[in-house]
Amino acid sequence: DWTTGNVIEEQVAAIRAQVGDKRAICGLSGGVDSAVAAALVQKAIGSQLTCVYVDHGLMRQGETEQVEKDFVASTGVNLKVVDAEERFLKALAGVSDPEEKRKIIGREFIRVFEQAQAEIIADEGPAVEFLVQGTLYPDVVESGGGTGAANIKSHHNVGGLPEDLEFQLVEPLRKLFKDEVRMVGQELGLPEEIVQRQPFPGPGLGIRIVGDVTKERLDLLRQADAIAREELTAAGLDREIWQCPVVLLADVRSVGVQGDGRTYGHPIVLRPVSSEDAMTADWSRLPYDVLSRISTRITNEVKDVNRVVLDVTSKPPGTIEWE
Ligand code: XMP
């Protein structure tokens, strides 16, 4: 019988058999999959696991704290948080091309992660031979993989890792679909906000600012995004929508009037979509009163934003994200 209890029991035994008395590392992104994979491995091998969370400064309001506090509190996991905001912002300075942004963020991420990895490996203790990944069944099928015997070779040109270091992968979610992963996470006692989290892109808010990325713009977008999320949650719409990117058009200004003065500010785009798998999507028909509340609050509360617009494009032709 498929029960979350059976899945957990089976995986805990398998992880113990695989890892033995060695150590494992897991990168946490704040997303559901890596969180549940880490929680399972933690249950199996406890302090032999170290999690690494790279804070690139492109997260939404409260997300880093959620990992640092709630995730650690509910799992007891060993967590190494790397504050790399300055490094990412410096690397992104003046860059407005979407693909260029993605490349830079991906590259810096690997460098920072590998540096943290090297520091963990240099600690006293048994060898670190395992890397935990939150690979799901659909990922396995898509890549045509079968047996889980994959070894990935670490990018060893940076970060000071041994030249020939190879990690064995631990992938405890390989047989599960997303909804099953959520059930397992819930059974493991993870916070609701992590288990039910909607998709969020790895490059974070870096690809939700049309224009180049600065700390000031990120703070502004974080504020607008927090308002939109708060109102959508309050209206009970979280399960109905797939995700709702909030985008700052930093390269665009329009004229407005506030109080008795003319303003020349930036628009914020709301991009609520409904979807099954993000391959195709439709724009969500949100209630007008919810849209109205979000718009009023954002224009009142967020400095330099004087207009809120709604994206009514399906995918295709539009992608879900703007970049
Ligand atoms: P698009 O914009 O391609 O997005 O319609 C489809 C889904 O993928 C997410 N997305 C990303 N996720 N790294 C990620 O981890 C990325 O670079 C990335 N780009 C888009 C997006 O949020 C949506 O759920």
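The C-terminal residue of the sequence shown carries number 323 in our numbering, and the numbering is unbroken. Each residue gets a CB set at the ideal place from its N, CA and C atoms; glycine is no exception. Computed from a predicted model, the values in this text were never measured in an experiment.
Exercise. Identify whether A14 lies in helix, strand or coil by the three-state DSSP scheme.
Key: In the structure shown, A14 sits in a helix (DSSP, three-state: H, G or I).
Quiz item: If you compare alpha carbons, which of I268, D260, A250 and R197 is closest to T233?
Solution: Of I268, D260, A250 and R197, the residue nearest in Cα terms is R197.
Exercise. Please state if the CB of T135 and the CB of D277 are separated by a distance shorter than 9 Å.
Key: Cβ atoms of D277 and T135: not closer than 9 Å.
Practice problem: Let me know the secondary structure DSSP gives Q61 once reduced to three states. | Solution: DSSP places Q61 in coil when its eight states are reduced to three.
Quiz item: Within this structure, are the beta carbons of V305 and L205 separated by less than 9 Å?
Solution: It is not a contact, given that the beta carbons lie outside the stated cut-off.
Quiz item: In or out: M350 buried (at least 16 other Cβ within 10 Å) or exposed?
Solution: The structure shown does not extend to residue 350, since the chain is modelled only from 1 through 323, so no value can be given for it.
Practice problem: Measure from the alpha carbon of F326 to the alpha carbon of each residue in W322, T3 and F130, then state which is nearest. | Solution: There is simply no residue 326 to check, as the chain begins at 1 and stops at 323 in what is shown.
Quiz item: Can R102 be considered in contact with the ligand ZN, in the sense that its beta carbon sits closer than 8 Å to one or more heavy atoms?
Solution: The ligand ZN is not part of this structure, which contains only the ligand XMP.
Quiz item: What is the residue span of the alpha helix (DSSP H) that S284 lies within?
Solution: Counting along the chain, S284 falls outside any alpha helix (DSSP H), and DSSP gives it neither H nor E.
Quiz item: Tell me which same chain residues have a C-beta within less than 6 Å of the C-beta of P199, skipping the five on either side of it?
Solution: A distance below 6 Å between beta-carbons, with the five flanking residues on each side excluded, links P199 to the following residues of its chain, in chain order: Q243.
Exercise. Would you mind sorting T280 into buried or exposed? The rule is 16 or more other CB atoms within 10 Å of its CB.
Key: The C-beta of T280 has fewer than 16 other C-beta atoms within 10 Å across all chains shown, which makes the residue exposed.
Exercise. Consult DSSP for Q198 and reduce its assignment to one of helix, strand or coil.
Key: Reduced to three states, the DSSP call for Q198 is coil.
Quiz prompt | Beta-carbon proximity list for E193, same chain, < 8 Å, skipping 5 on both sides | solution = Answer for E193: Q66 and D70, listed in chain order.
Quiz prompt | Option nearest G318 by Cα separation, candidates I298, V273 and S29 | solution = Of the candidates I298, V273 and S29, V273 places its Cα closest to the Cα of G318.
Self-check item: Test item: CB-CB of V184 and L40 under 9 Å
Solution: For V184 and L40, yes; Cβs fall inside 9 Å.
Quiz item: Cβ of E321 versus every heavy atom of the ligand XMP: is any distance shorter than 8 Å?
Solution: Checking every heavy atom of the ligand XMP against the Cβ of E321, one is found closer than 8 Å.
Quiz item: Would R271 be called buried (16 or more neighbouring beta carbons within 10 Å of its own) or exposed?
Solution: Buried, since its Cβ has 16 or more Cβ neighbours within 10 Å.
Quiz item: Quick one: what's H266 bridged to in DSSP?
Solution: DSSP lists V305 as partners of H266.
Quiz item: Just to confirm, are V77 and L173 a CB contact at a threshold of 9 Å?
Solution: Contact flag unset, no.
Self-check item: Nearest-angstrom Cβ-Cβ length linking R307 and S254, presumed shorter than 8 Å
Solution: Their Cβ separation, rounded to whole angstroms, is 5 Å, which keeps R307 and S254 in contact under 8 Å.
Practice problem: Take T75 as the anchor and find which of R111, K175, E63 and K43 has the nearest alpha-carbon. | Solution: Nearest option by C-alpha distance: K43.
Quiz item: In chain order, what residues of the same chain lie with their CB nearer than 6 Å to the CB of I328, ignoring the 5 residues before and after it?
Solution: Since the first residue of the chain shown is 1 and the last is 323, residue 328 is not available in this structure.
Quiz item: Nearest-angstrom Cα distance between R217 and P191?
Solution: Distance between the alpha carbons of R217 and P191 is about 30 Å.
Practice problem: Taking all protein chains shown into account, decide if F177 is buried (16 or more other Cβ within 10 angstroms of its Cβ) or exposed. | Solution: Under the 10 Å beta carbon count, F177 is surrounded by fewer than 16 other beta carbons and is classified as exposed.
Practice problem: Could you tell me which residues DSSP pairs with C26 in its beta bridges? | Solution: Answer is C51 and V132, bridged to C26.
Self-check item: Sequence-distant residues of the same chain with beta carbon closer than 6 Å to I227, five excluded per side
Solution: Around I227: R297 and I298.
Quiz prompt | Bounding residues of the alpha helix (DSSP H) (the contiguous stretch that carries K391) | solution = Limits of the chain in this structure are 1 at one end and 323 at the other, which puts residue 391 out of reach.
Quiz item: Can we count P317 as close to the ligand XMP, meaning its CB is less than 8 Å from some heavy atom?
Solution: P317: no, Cβ never under 8 Å from the ligand XMP.
Quiz item: Going by DSSP, what residues sit across from L232 in a beta bridge?
Solution: The partner list for L232 (beta bridge, DSSP) is empty, contrary to what the question assumes.
Quiz item: With DSSP run on the structure shown, which of helix, strand or coil describes V36?
Solution: In this structure, V36 counts as helix in the three-state DSSP scheme.
Quiz item: By the 10 Å Cβ neighbour count, where 16 or more other Cβ atoms means buried, how is D225 classified, buried or exposed?
Solution: It counts as buried.
Quiz item: How is the beta strand (DSSP E) around Q168 delimited, first residue to last?
Solution: It spans E166 to V170 - the beta strand (DSSP E) in which Q168 sits, taken as one unbroken run.
Exercise. Compare the Cα-Cα distances from S314 to each of V112, A116 and S284 and report the closest residue.
Key: Residue S284 holds the alpha-carbon nearest to the alpha-carbon of S314 among V112, A116 and S284.
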